[in-house]
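Just so it is clear: in the sequence shown, position 234 is 233 by numbering that gives the first Met the number 0, and no numbers are missing. The C-beta atom is built at its ideal place from N, Cα and C for all residues, glycine as well. Quick caveat: nothing in here was measured; it's all calculated off a predicted structure.
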Amino acid sequence: MSEAYYLPAVFAGLMALAMLVYVVLDGFDLGVGILLPLASDEEKDLMIASIGPFWDANETWLVLGAGLLLVAFPMAHGIVFGALYLPVLVMLVGLILRGVAFDFRVKAQDPHKPWWNAAFAGGSLLAALAQGVMLGRYLTGFADTSTSWLFSLVVGIGLALAYALLGASWLVMKTHGKLQAKAIRWARLSLYGAGTAVAAVSLVTPLANPAIAGKWFALPQFLLLLPLPLGTLALFALLMASLPRLARRQAAGNDSFCWLPFAASVGIVLLSFWGLAYSVFPEIVLGRMTIWQGAADPEALWVILWGAVVVLPCIIGYTAFAYRVFWGKADKLSYQ
0 MSEAYYLPAV FAGLMALAML VYVVLDGFDL GVGILLPLAS DEEKDLMIAS
50 IGPFWDANET WLVLGAGLLL VAFPMAHGIV FGALYLPVLV MLVGLILRGV
100 AFDFRVKAQD PHKPWWNAAF AGGSLLAALA QGVMLGRYLT GFADTSTSWL
150 FSLVVGIGLA LAYALLGASW LVMKTHGKLQ AKAIRWARLS LYGAGTAVAA
200 VSLVTPLANP AIAGKWFALP QFLLLLPLPL GTLALFALLM ASLPRLARRQ
250 AAGNDSFCWL PFAASVGIVL LSFWGLAYSV FPEIVLGRMT IWQGAADPEA
300 LWVILWGAVV VLPCIIGYTA FAYRVFWGKA DKLSYQ
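What follows is the structure, given as structure tokens:
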């Protein structure tokens, strides 16, 4: 096996890993931002405190994934970002807006604080919708038809609902009292929306892309892949059954197994991502370019790989350290 074959595969795996970790980690803090308007002023502070130590580090994975696309797959980078210029711009506006609002809301005078809260929530929603639209555009091969744009919009709404589920589940695990009770209700509501969106996207994607349909519904692949949708259904069923029980225990002052909704939500994301990765591999631009056609020269990939060997453990180590230090229930936000 030549280096021209396995090096692009290695970088495709690294890029997929970066995007998967980003969706899980930044997904829950975007979800918390989306849910922010549903809470009281005091609860808003606690919600922000629950993500405060993590959200900057979470976004590092997005930078890593985009950077790997740029340096390891330069030919694909031009096509992808050229086709996604508008949703990428919207996403960046949303991320900048929530970043500014995060710092200013805690320092703002009381009459101005609601504006910063709205900016944080609006930025979170913009970023989530834009990322979903980007995924939808990618799955349709960047087709410029009204149907493909409608599909992309549906994917955008679905991803925002999935982030809301992650965010609500995170709050169930990280908070207590009235906010935890509200988070359980939010998780139950977002579960139905996210489940409907996942089902719709899973059914429509093979129809929108015949190549993906061929990979899923031919034998024996169909039987080998069957555990993915069945596992996803099982996790949705687990959430539907466990959230009402968790609400009853929480009302009685017992929040044992408060981690279960978040773990199940992450499991749904993992299985969905696994199915998505299988659907598109080995293409990096659907219907137009494989990872080998879009990759940089092996000599350049070796240099980049050594850089990744140094940088990636540092990012993983810092992320693990931050979550270890700030594990447990969230405390009141303070900049003193």
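Does residue i pass the burial test, meaning 16 or more other C-beta atoms within 10 Å, or should it be called exposed?
{"i": "residue 223", "result": "exposed"}
{"i": "residue 49", "result": "buried"}
{"i": "residue 120", "result": "buried"}
{"i": "residue 106", "result": "exposed"}
{"i": "residue 79", "result": "buried"}
{"i": "residue 38", "result": "buried"}
{"i": "residue 33", "result": "buried"}
{"i": "residue 25", "result": "buried"}
{"i": "residue 202", "result": "exposed"}
{"i": "residue 150", "result": "buried"}
{"i": "residue 226", "result": "exposed"}
{"i": "residue 218", "result": "exposed"}
{"i": "residue 176", "result": "exposed"}
{"i": "residue 63", "result": "buried"}
{"i": "residue 21", "result": "buried"}
{"i": "residue 132", "result": "buried"}
{"i": "residue 216", "result": "exposed"}
In chain order, what residues of the same chain have a beta carbon less than 6 angstroms from the beta carbon of residue i, not counting five sequence neighbours either side?
{"i": "residue 75", "result": "283, 284, 288 and 293"}
{"i": "residue 290", "result": "7, 11, 281 and 283"}
{"i": "residue 196", "result": "157 and 160"}
{"i": "residue 325", "result": "52"}
Report all residues from its chain with a CB closer than 7 angstroms to the CB of residue i; omit the five preceding and five following residues, and keep chain order.
{"i": "residue 67", "result": "10, 13, 14 and 17"}
{"i": "residue 89", "result": "125 and 129"}
{"i": "residue 279", "result": "285"}
Taking DSSP's pairing of strands, which residues face residue i in a bridge?
{"i": "residue 239", "result": "According to DSSP, residue 239 bridges with nothing at all."}
{"i": "residue 383", "result": "In the structure as shown, the chain begins at 0 and stops at 335. Residue 383 is therefore absent and cannot be evaluated."}
Quick one: residues in its chain with C-beta nearer than 8 angstroms to the C-beta of residue i, no 5 flanking neighbours on either side, listed in chain order?
{"i": "residue 94", "result": "58, 122 and 126"}
Spell out a yes or no on whether the stretch 29-39 and the stretch 156-164 are touching, meaning 3 or more CB-CB pairs, one atom from each, closer than 8 angstroms. yes
Would the stretch 260-268 count as touching the stretch 301-313 if we require 3 or more Cβ pairs under 8 angstroms? no
Between the stretch 197-212 and the stretch 138-154, are three or more C-beta pairs nearer than 8 angstroms? At 8 angstroms Cβ cutoff, the stretches touch.
If we count Cβ pairs, one from each stretch, closer than 8 angstroms, do we get three or more for the stretch 171-181 versus the stretch 248-259? yes
Three Cβ pairs or more, each shorter than 8 angstroms: is that satisfied between the stretch 39-48 and the stretch 175-184? yes
Mind listing, in chain order, the continuous beta strand (DSSP E) runs of no fewer than 3 residues lying wholly within the stretch 213-263? none
Counting only runs of 4+ residues fully inside the stretch 126-190, write out the alpha helix (DSSP H) ranges in chain order. 145-173
Counting only runs that start and end within the stretch 35-59, where is the alpha helix (DSSP H) found for 4 or more residues in a row? 40-50
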